[in-house]
Amino acid sequence: QDITENKFGKGLINVVAKDSSFSAYFGIRFQSLMTSKWDVPENGGIQDGETNFLIRRARLKFEGFAYSPKLTYKFELGLSNRDISGASQFTSNAPRFVLDAVLKWNFYENFELWAGQTKLPGNRERVISSANLETVDRSLLNSRYNIDRDIGLQLHHFITINDTFIIREIVSIAQGEGRNITTGNIGGYQYTGRAEILPFGDFSDYSGADLERESNPKLAVGVSYDYNDNAVKTRSNMGSYMITDTGFFETDIQTLFLDALFKYEGVSIMAEYANREADNPFAVNEDSTPTGDVVNIGEAFNIQAGYLFENNYQVLGRFTSVDPDDDFSELVENQYTLGLSKYLVGHKLKVQTDISYTDLNQDQFDGLMYRLQFEFHL
Amino acid sequence: QDITENKFGKGLINVVAKDSSFSAYFGIRFQSLMTSKWDVPENGGIQDGETNFLIRRARLKFEGFAYSPKLTYKFELGLSNRDISGASQFTSNAPRFVLDAVLKWNFYENFELWAGQTKLPGNRERVISSANLETVDRSLLNSRYNIDRDIGLQLHHFITINDTFIIREIVSIAQGEGRNITTGNIGGYQYTGRAEILPFGDFSDYSGADLERESNPKLAVGVSYDYNDNAVKTRSNMGSYMITDTGFFETDIQTLFLDALFKYEGVSIMAEYANREADNPFAVNEDSTPTGDVVNIGEAFNIQAGYLFENNYQVLGRFTSVDPDDDFSELVENQYTLGLSKYLVGHKLKVQTDISYTDLNQDQFDGLMYRLQFEFHL
Amino acid sequence: QDITENKFGKGLINVVAKDSSFSAYFGIRFQSLMTSKWDVPENGGIQDGETNFLIRRARLKFEGFAYSPKLTYKFELGLSNRDISGASQFTSNAPRFVLDAVLKWNFYENFELWAGQTKLPGNRERVISSANLETVDRSLLNSRYNIDRDIGLQLHHFITINDTFIIREIVSIAQGEGRNITTGNIGGYQYTGRAEILPFGDFSDYSGADLERESNPKLAVGVSYDYNDNAVKTRSNMGSYMITDTGFFETDIQTLFLDALFKYEGVSIMAEYANREADNPFAVNEDSTPTGDVVNIGEAFNIQAGYLFENNYQVLGRFTSVDPDDDFSELVENQYTLGLSKYLVGHKLKVQTDISYTDLNQDQFDGLMYRLQFEFHL
Chain E
1 QDITENKFGK GLINVVAKDS SFSAYFGIRF QSLMTSKWDV PENGGIQDGE
51 TNFLIRRARL KFEGFAYSPK LTYKFELGLS NRDISGASQF TSNAPRFVLD
101 AVLKWNFYEN FELWAGQTKL PGNRERVISS ANLETVDRSL LNSRYNIDRD
151 IGLQLHHFIT INDTFIIREI VSIAQGEGRN ITTGNIGGYQ YTGRAEILPF
201 GDFSDYSGAD LERESNPKLA VGVSYDYNDN AVKTRSNMGS YMITDTGFFE
251 TDIQTLFLDA LFKYEGVSIM AEYANREADN PFAVNEDSTP TGDVVNIGEA
301 FNIQAGYLFE NNYQVLGRFT SVDPDDDFSE LVENQYTLGL SKYLVGHKLK
351 VQTDISYTDL NQDQFDGLMY RLQFEFHL
Chain Y
1001 QDITENKFGK GLINVVAKDS SFSAYFGIRF QSLMTSKWDV PENGGIQDGE
1051 TNFLIRRARL KFEGFAYSPK LTYKFELGLS NRDISGASQF TSNAPRFVLD
1101 AVLKWNFYEN FELWAGQTKL PGNRERVISS ANLETVDRSL LNSRYNIDRD
1151 IGLQLHHFIT INDTFIIREI VSIAQGEGRN ITTGNIGGYQ YTGRAEILPF
1201 GDFSDYSGAD LERESNPKLA VGVSYDYNDN AVKTRSNMGS YMITDTGFFE
1251 TDIQTLFLDA LFKYEGVSIM AEYANREADN PFAVNEDSTP TGDVVNIGEA
1301 FNIQAGYLFE NNYQVLGRFT SVDPDDDFSE LVENQYTLGL SKYLVGHKLK
1351 VQTDISYTDL NQDQFDGLMY RLQFEFHL
Chain R
2001 QDITENKFGK GLINVVAKDS SFSAYFGIRF QSLMTSKWDV PENGGIQDGE
2051 TNFLIRRARL KFEGFAYSPK LTYKFELGLS NRDISGASQF TSNAPRFVLD
2101 AVLKWNFYEN FELWAGQTKL PGNRERVISS ANLETVDRSL LNSRYNIDRD
2151 IGLQLHHFIT INDTFIIREI VSIAQGEGRN ITTGNIGGYQ YTGRAEILPF
2201 GDFSDYSGAD LERESNPKLA VGVSYDYNDN AVKTRSNMGS YMITDTGFFE
2251 TDIQTLFLDA LFKYEGVSIM AEYANREADN PFAVNEDSTP TGDVVNIGEA
2301 FNIQAGYLFE NNYQVLGRFT SVDPDDDFSE LVENQYTLGL SKYLVGHKLK
2351 VQTDISYTDL NQDQFDGLMY RLQFEFHL
């Protein structure tokens, strides 16, 4: 057995070449999730409970630099059945293994060019790794409106003013059909822009919970605008293809995200707003008869606040409201979540649990959900 | 090229952190199998021979401890087409990659809590890794009645009396639908209990062949009882879902295993008995018409004995009898196997070959099978 | 973070055991490809342009020796959706992950026995790793006639005469249905023979581009003959199974390859000829009605020449002609390609781009294609 200088949580392998020609991090992670759910009828009572176990995520991750510290790579593979689901004729009927396969080139000063498949610069909650959430999982806002991963180019840039005031800008052009597509581009491309301001200096703004217990207040505010030109899927670059009797229905879809993250002395507050619009949300065949597919236009709001105690227990409250456009659905979801996390080794080894109450309108049964999750991230 | 202190068979990587915060083993293995089969009609002769080649298993394995030596992990991935087969709507139509994803926590003295997906404490032959078999592959008893892997919790405990007499107890609660299920629990849970006695001290009781050439006789005796409450699959947590016109047929399924392993001076003897019963083996629709699915109730017996020569060649004989309940099938299989193995580097590099004669009743043709397999396990 | 003596391009891990009991290389690679295509009608003009992005290949690779330097292994996994596509009932409806899983045993002097799944000794362009091509991708000759990978045995041998004149011979017997087949052999086996002559000494004859800038002319000439006895697939061991109303249509398929590679002072020239014949190219049912499947008999020729400048830019021209037998198709494809590559770190980090004009007969529209690809190979 060899001895390594590395510590737990820094990867199974974590090396840098003596000649500085490359570095490599190789990590593994998995999450075990237990979920219990009950229906809550409007006239009271709790019924139809069921409890499920799931390997929620299982991943292999590779990161580092190659050739020069200015050229970095990220290669991440999903392995759990939930990670790789979504096979279709558009993915060669093959599971979707590759999450990220991207090169990042710092070609000039504060500019960095990204090429390959990775997350688009959308809402903050999505871009935060699922390994670094302060909640058991992302909010309903994210599951309805996020723009996930795609393949293409991104240009990243940042400016620092007065030592602490940071402005970041990202522009992206992508294929617009989501990740692991082998049938190429249909319709037009997807264009995304994002701007961020960090007025009080850099911090872990893409990681949940104030594990650093910031001694000065830290804030990050972001706005993303995404324009999917002639999109052919129901949730911009996600959801299902809008197939017509002669091909694909195409419509321009716009998604807007506003988000903010604040951290200070163990307190972490994150808020997000999402809005989606489409030129023609109702997919139609060539003869104008509806195909049944509808773009999920509408809006959502999420706010969550947590406090990390000295013993690395964190309590958290979350409120999420999803309000689709009435053209898409009149169902409004309001979800109230209370969470408790124990960070044994930061985000690398943690136990997270939460209880959520989902209030539905339209005389639908409300829902109660309890979850317990272990995260292991070597 | 770096120099490692490790030896072949101890992993591609095998490290421990200087600060004892983690250890990591990363190994790969694959098996190449050649199989020749012939039909043997009752009136004599041999016919319809065919020979097939197969990458039987291909795996990535990760093991070690993290945070503390009291918290160990196992993460194993299957990669061959045989390993990952079994995709269905219940696995998100995705291949079944993850074999094990489990954390084991030695929280108090001799107690260990396991959480995640791994093998249930069923029959010994199943729990022995396929890498450590003394045969080309497991017996027909195992393929008919084993309870394989599932997701849930296991509590392990052991007692040592008089320095050598060891008692082990395991209780397990699992989802009961098998591994890599994304549709959650249907019906009830699966409860498993196992007890083991090692009267003459600890030894490699979950590894085939007496590679250690025990100088004193060693014995392990085990009994497992598995109760799958409201099971919905034809082989307890394996086989196919028993789908009815209104949902799923549910019945309680009980599986019992008795097993023993003996090793002494190159001799290894293993015997197993399995029995499966179900409250209502015949699946029916709501109107009591049969769906066609039947639980594979019945019993089986397996015994095998091998001797390891000084030159690491091992000869082995095996007899397996599978006798289903007549309600399930009147077909009785008796299989006689003669095996020869050469252990080049223990179980890490070996060549195994066997010839089997399968005697079937009911005027069915008997079968003759020859197999040759290489195991490579870095 | 640990320090490694390795350099970029030699693997994420590259170790040899102190006791010489094993060595291990573990590498990762991925390719990001952009493709733009246009139709070119016979009456002129360019139309119907479309641009696609694709993670073309993504791989994990393991290589080294085990037990003894005379026993080497190769284990390679494909991960991109293009790599793993091709699931069918013949692969257990599972994606085709495993590319190579092979042991190579140098059992006597210049003899080496290979066992497992790997590339057959077919045309040179196919056997050159996709990581080491001097073009964006292989030629049309290869996509129509190559015999790819299969499972079985290969015997390799070489002779050296007068220090520099090298003769290599390979004979192979394989299952003949391609890689990752779980349904075993149908029809007969596939027999392949290959002979190679290197009159001016050894060189990188399975790698594109003269990165070594050979100071003396180097030449490799090869011939492969492949006989797939009672083949059941339309492209020998590739393509689709020829299913009839009673089983499978079987016919003997013969494929011949001639190839040559020349390298000298930055110049690299490669030429290949392929020819396929079948006893009965038209698949028929038992009553002699055609099933619609036809074996892709015919021939093809490819020649390419490149020059590597001192700054590691390479220009390359390629001409490929595919001329199927008229029984299969009367469509003749002539493709003209102009390529430009920049080798940042040899084949390990490179940018490749090419433009191709495909001239089709039979009044079909010609095609224009532009491609840009990044290769990253840690």
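Protein chains in written order, with the working numbering: chain E, 1 to 378; chain Y, 1001 to 1378; chain R, 2001 to 2378.
Cβ coordinates follow ideal geometry from the N, Cα and C atoms, glycine included.
Here the structure is a predicted model, which is why all the values come from computation and not from measurement.
Which residues does DSSP list as the beta-bridge partners of residue i?
{"i": "Phe-1022 of chain Y", "result": "Y:Ala-1066"}
{"i": "Thr-2160 of chain R", "result": "R:Ile-2166"}
{"i": "Arg-1057 of chain Y", "result": "Y:Gln-1031"}
{"i": "Tyr-307 of chain E", "result": "E:Val-267, E:Val-315"}
{"i": "Phe-2301 of chain R", "result": "R:Tyr-2273, R:Ser-2321"}
{"i": "Asp-39 of chain E", "result": "E:Gln-47, E:Gly-367"}
{"i": "Gly-2339 of chain R", "result": "R:Leu-2316, R:Asp-2354"}
{"i": "Ala-2115 of chain R", "result": "R:Leu-2103, R:Leu-2153"}
Here's a check: name, in chain order, each residue in its chain whose Cβ is nearer than 6 Å to the Cβ of residue i, leaving out the five neighbours to either side.
{"i": "Glu-1250 of chain Y", "result": "Gly-1187, Asn-1230, Val-1232"}
{"i": "Asp-226 of chain E", "result": "Ile-147, Thr-192, Thr-255"}
{"i": "Arg-194 of chain E", "result": "Pro-121, Ile-170, Ser-224"}
{"i": "Ser-2092 of chain R", "result": "Thr-2182"}
{"i": "Met-369 of chain E", "result": "Lys-37, Ser-356"}
{"i": "Gly-2339 of chain R", "result": "Thr-2135, Leu-2316, Asp-2354"}
{"i": "Lys-2342 of chain R", "result": "Tyr-2313, Val-2351"}
{"i": "Asn-2280 of chain R", "result": "Thr-2251"}
{"i": "Val-2015 of chain R", "result": "Ala-2024"}
{"i": "Lys-1119 of chain Y", "result": "Val-1127, Arg-1149"}
{"i": "Val-2322 of chain R", "result": "Leu-2140, Arg-2144, Ala-2300, Glu-2333"}
{"i": "Arg-371 of chain E", "result": "Thr-35, Val-136, Asp-354"}
Quick one: using the 10 Å Cβ neighbour count with 16 as the cut-off for buried, is residue i buried or exposed?
{"i": "Glu-42 of chain E", "result": "exposed"}
{"i": "Ile-1159 of chain Y", "result": "exposed"}
{"i": "Thr-2035 of chain R", "result": "buried"}
{"i": "Phe-2107 of chain R", "result": "exposed"}
{"i": "Tyr-2206 of chain R", "result": "exposed"}
{"i": "Asn-1296 of chain Y", "result": "buried"}
{"i": "Val-1246 of chain Y", "result": "In the sequence as displayed, the identity of residue 1246 of chain Y is Thr instead of Val. Exposed is the call here."}
{"i": "Glu-310 of chain E", "result": "exposed"}
{"i": "Gln-362 of chain E", "result": "exposed"}
{"i": "Thr-2337 of chain R", "result": "buried"}
{"i": "Pro-2095 of chain R", "result": "buried"}
{"i": "Gln-373 of chain E", "result": "buried"}
{"i": "Asn-2162 of chain R", "result": "exposed"}
{"i": "Pro-1290 of chain Y", "result": "exposed"}
{"i": "Ile-2046 of chain R", "result": "exposed"}
{"i": "Asn-1216 of chain Y", "result": "exposed"}
{"i": "Ser-1172 of chain Y", "result": "buried"}
Which same chain residues, not among the five before or five after residue i, have their C-beta less than 7 Å away from its C-beta?
{"i": "Asp-1431 of chain Y", "result": "What the structure shows of chain Y is the stretch from 1001 to 1378, and residue 1431 of chain Y is not part of that stretch, so it cannot be assessed."}
{"i": "Tyr-2145 of chain R", "result": "Thr-2255, Ala-2274, Arg-2276, Ala-2300"}
Leaving aside the five residues before and after residue i along the sequence, list all residues of the same chain whose C-beta is less than 8 Å from its C-beta, in chain order.
{"i": "Tyr-73 of chain E", "result": "Phe-62, Glu-63, Gly-64, Phe-65, Ala-66, Val-102, Leu-103, Lys-104"}
Three or more C-beta pairs closer than 8 Å, one from the stretch 1264 to 1279 of chain Y and one from the stretch 1169 to 1186 of chain Y: is that the case here?
-> no
Evaluate the contact criterion for the stretch 247 to 258 of chain E versus the stretch 300 to 307 of chain E: three or more CB pairs, one atom per stretch, below 8 Å.
-> no
Would you call the stretch 1311 to 1322 of chain Y and the stretch 1096 to 1103 of chain Y in contact, with 3 or more CB pairs under 8 Å?
-> no
Going along the chain, which unbroken runs of the beta strand (DSSP E) with 3 or more residues stay wholly within the stretch 1344 to 1373 of chain Y?
-> 1349 to 1360
Only counting runs of 3 or more residues, tell me where the beta strand (DSSP E) segments fall wholly within the stretch 226 to 292 of chain E, in order along the chain.
-> 233 to 235, 238 to 241, 251 to 264, 267 to 278, 282 to 284
Every unbroken beta strand (DSSP E) inside the stretch 1177 to 1213 of chain Y [3 residues or more] | 1190 to 1198
Does the stretch 62 to 82 of chain E come within contact of the stretch 1108 to 1117 of chain Y, defined as at least 3 CB pairs closer than 8 Å?
-> no
Which full runs of the beta strand (DSSP E) of 3+ residues lie inside the stretch 61 to 110 of chain E, going along the chain?
-> 68 to 78, 98 to 108
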